[in-house]
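Numbers given in the numbering used here equal positions in the sequence shown, counted from 1, plus 55.
Think of the CB as a built atom: it goes at the ideal place given N, C-alpha and C, for glycine as much as any other residue.
Predicted model, so just to flag it, every value in this text is computed and none were measured.
The structure appears right after this line, and notes come after that.
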Amino acid sequence: MTGGTGGTGLRLEVAGAGPAYTDRPGAVGAAYLVRHGGDAVLLDLGQGAFANLAGLIEPSRLTGVVVSHLHPDHFVDLVPLRHYLRYEFEPPRRVRVLGPAGLAERLDALHAQPGFAAAALDVEALAEGERRLGSLLVEARRVHHAGESFAFRLSLDGRSGLVYSGDCGLPDDLVPLLRPGDTLLAEATFGADDVAPGSNHLNAHDLGRLAAAAGVARLLITHVLMGRDRAATVAAAAALSGIPVRIVEPGDRFDL
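Below is the structure:
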């Protein structure tokens, strides 16, 4: 499904939008492809999402992958990406990956093989601040979740763009990234229900209030746990924000 036309020049394509566990068929882990011209930046690559990604873009053409935090539902399909780059081409191809410190070591440990990630992935440690991936300006900010966790803003030279929450426990952590007119792609793990104590996640009420205060143009909800009322999640966020709200699914496309 394709969303409405925007004016930023960016396109968002959803390869995966599931939480850490689910009984919804096809609800693979987080993976969001942002394109501008010939550039393509992938935000996270969680469990099962590689096949969907490969249906959207030839994976070696990625400008870069940006990983929000070191939970497997946000990075574990870097393993099939690594295998694809290593064994599908002669010589092997490479992709740039930016993530929290320790990402390469996590991947190496999965195969008990030092240098496993480095065989095809150029892994760099993330820090707060701006960096450019092709034509896209990527701003990273720390958020409360688990260890080093980041949210991101993608734009063209600071114009209205896309803000992605990753997993985030405090809505105020996203405020420095948000500008009027942005699209906010954010987790509401607990839907319209209360957030479990100590879980460091958000719900629909958090997102609705945040979107209204920041003046964003559209709210895209993701990472909703199984059993949560999805219609109630959208309704709660829309009532508080007064803007278009929807829950994203793999296959969705949005012109931002």
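Buried or exposed (CB count within 10 angstroms, at least 16 for buried), residue i
| i | result |
| --- | --- |
| D261 | buried |
| V121 | buried |
| L165 | exposed |
| D99 | buried |
| E185 | exposed |
| P169 | exposed |
| E68 | buried |
| D124 | Per the sequence shown, residue 124 should be read as His rather than Asp. H124 comes out buried. |
| A206 | buried |
| T60 | Reliability fails at T60, whose pLDDT of 46 lies under 50, so the model's placement of it is uncertain and no value is given. |
Whole-number beta carbon distance between residue j and residue i, since they are thought to touch under 8 Å
| i | j | result |
| --- | --- | --- |
| D163 | F171 | 5 Å |
| G71 | A104 | 3 Å |
| L229 | S220 | 6 Å |
| D66 | G73 | The amino acid occupying residue 66 in the given sequence is Arg; Asp does not appear at that position. With 8 Å as the limit, R66 and G73 do not qualify as a contact, their Cβ atoms being about 21 Å apart. |
| G84 | G101 | 2 Å |
| L191 | V96 | 5 Å |
Beta-carbon spacing of residue i, residue j below 8 Å
| i | j | result |
| --- | --- | --- |
| P155 | G202 | yes |
| I298 | V279 | no |
| D237 | S204 | no |
| G64 | T118 | no |
| N258 | F245 | yes |
| I276 | R308 | no |
| S296 | A266 | yes |
| A195 | L209 | no |
| L153 | E183 | no |
| R151 | A174 | no |
N-terminal and C-terminal residue of the alpha helix (DSSP H) that residue i is part of
| i | result |
| --- | --- |
| E68 | No alpha helix (DSSP H) contains E68, which is instead part of the beta strand (DSSP E) from R66 to G71. |
| V289 | R285 to S296 |
| E160 | L158 to L165 |
| H138 | L133 to Y142 |
Extent of the continuous beta strand (DSSP E) run through residue i
| i | result |
| --- | --- |
| R180 | In the sequence on display, residue 180 carries Ala and not Arg. Run containing A180: L176 to A180, per the beta strand (DSSP E) assignment. |
| L274 | R273 to T277 |
Cβ contact check for the segment 129-140 and the segment 235-253: 3 or more pairs under 8 Å: no
Segment contact flag, the segment 218-230 with the segment 283-299, C-beta cutoff 8 Å, min 3 pairs: no
The segment 86-100 / the segment 138-146 touching (three or more Cβ pairs under 8 Å): no
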